[in-house]
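Have a look at the structure below before the remarks.
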Amino acid sequence: MVANFRNSTVHTNDIALFAPELLSFNKNVQLSGKYHGTVTDFHIEHLLAKTDNSILTGHLAMKGLPDIDKTFISLNNGAVYTSATELNKFIPSLKSITNPDINALGNIIYRGSFNGLYNNFKVKGNISSNLGAVYTDIALTFPKKQEPTYTGNISTQKFNLGKFINSTLLGDIAFEGKISGSSYSLEKMKTSFDGTIHKFELNDYAYTNITTLGTFEKKSFSGQVKIADPNLDFMGMMQIDLSDSIPRFNLFADILKSNYKQLNLTTNDLQVIGTLDVNFRGTNIDNFEGEAKLLNAFVKNNNESIKFDSLVLVSNYINNKKHLRLSGPDFATHVIGDFS
Numbered sequence: 022m023v024a025n026f027r028n029s030t031v032h033t034n035d036i037a038l039f040a041p042e043l044l045s046f047n048k049n050v051q052l053s054g055k056y057h058g059t060v061t062d063f064h065i066e067h068l069l070a071k072t073d074n075s076i077l078t079g080h081l082a083m084k085g086l087p088d089i090d091k092t093f094i095s096l097n098n099g100a101v102y103t104s105a106t107e108l109n110k111f112i113p114s115l116k117s118i119t120n121p122d123i124n125a126l127g128n129i130i131y132r133g134s135f136n137g138l139y140n141n142f143k144v145k146g147n148i149s150s151n152l153g154a155v156y157t158d159i160a161l162t163f164p165k166k167q168e169p170t171y172t173g174n175i176s177t178q179k180f181n182l183g184k185f186i187n188s189t190l191l192g193d194i195a196f197e198g199k200i201s202g203s204s205y206s207l208e209k210m211k212t213s214f215d216g217t218i219h220k221f222e223l224n225d226y227a228y229t230n231i232t233t234l235g236t237f238e239k240k241s242f243s244g245q246v247k248i249a250d251p252n253l254d255f256m257g258m259m260q261i262d263l264s265d266s267i268p269r270f271n272l273f274a275d276i277l278k279s280n281y282k283q284l285n286l287t288t289n290d291l292q293v294i295g296t297l298d299v300n301f302r303g304t305n306i307d308n309f310e311g312e313a314k315l316l317n318a319f320v321k322n323n324n325e326s327i328k329f330d331s332l333v334l335v336s337n338y339i340n341n342k343k344h345l346r347l348s349g350p351d352f353a354t355h356v357i358g359d360f361s
């Protein structure tokens, strides 16, 4: 069968006779295009499908109806104009996710291809939103009563990660690499990433030139990190826990260059070179709690510098007062108060 249709209106309840999953949408759809085939096996050239708040264009082919669970869908040269609110209606499993904030994406435009089942498919193209743009070449699954999964390549030149995961400590991120994981909820997410982070804003500083191989799970990152930033030359193992308002860090690394004032970690001109072994929480010297060991080190504080084999810094609160203990092979000091 061949048919041309232009500005034809159908209701999703009518389409639901062949695709029951559409029964809950309750929308009128305006269709234009050239239809070839049968009900069970067809393709539509120059498709234009409109609802109140979404538009779909491209070359669409479907094979397998009326069994939507086994229907293969192919969309090439496609474009989708929608919003986060509409996306929640099309993919109901997203409604239960509160963090990351799907609604923060706002208006969404996708240009590319879609191939697979409605709940097990591959997408290749660009996704633009209010938070930034992302290029994807990725396979996704949305199994019933299980967490969704994803694997493939992803990149972005600018994406506001802080707004997406409701973190005031984070800002924009730019990266490219391979990603594999499950769940979109931060409380359940487990995602592996192997790639390059060109920019990562943390604590109002934009780190650059980061390569990493690690896993992000339940708001925590663990993995290998190499940083070649103008203010931090760093290589080692790192764990970062962002589950609290104040982050926790556990790392063992070689520092070839650092400038903590430029990194917004201190107000004085502090530079450190050496091997670092730390376990602490905090974003600055005043809320820093934990222990930091520095081995075979060179430290420059303003115009004073010192070399030493080992240095241990311990910071904690006793009776609501900040205690800072600094010790080395031949000295020890103890300070109480604020230090910024």
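Per this note's numbering: the sequence shown = residues 22 to 361. Just so you know, even glycine gets a beta-carbon here, dropped at the ideal spot from N, CA and C.
The beta carbon of K328 lies closer than 6 Å to those of F319 in the same chain, with the five residues before and after it left out. Cβ-Cβ distances below 6 Å link R269 to D262, R302 in the same chain, with the five nearest sequence neighbours on each side left out; the list follows chain order. If you check the CB distance, L332 and V299 do not come in under 8 Å. Sorting G244, D62, I76 by C-alpha distance to the C-alpha of I231 places G244 at the top. Cβ atoms of N97 and S134 come within 8 Å of each other, at about 5 Å. Spanning the alpha carbons of N305 and N285 requires a straight line of approximately 8 Å. Sorting D158, G192, K247 by C-alpha distance to the C-alpha of S176 places D158 at the top.
Just so you know, the alpha carbons of L138 and K240 end up roughly 31 Å apart. As a beta-bridge residue in DSSP terms, S104 pairs with N128. DSSP lists L191, Y226 as the bridge partner or partners of L223. Comparing alpha-carbon positions, the option among S201, L115, I130 lying closest to N124 turns out to be L115.
Burial state of Y205 is buried, judged by a 10 Å Cβ sphere holding 16 or more other Cβ atoms. By the 16-neighbour rule on beta-carbons within 10 angstroms, T103 is buried. In terms of Cβ geometry, G58 and H67 do not form a close pair [threshold 8 Å]. When the five nearest sequence neighbours on each side are left out, the beta carbons in the same chain lying within less than 8 Å of the beta carbon of I65 are those of G54, K55, Y56, H57, H80, L81, A82, in order along the chain.
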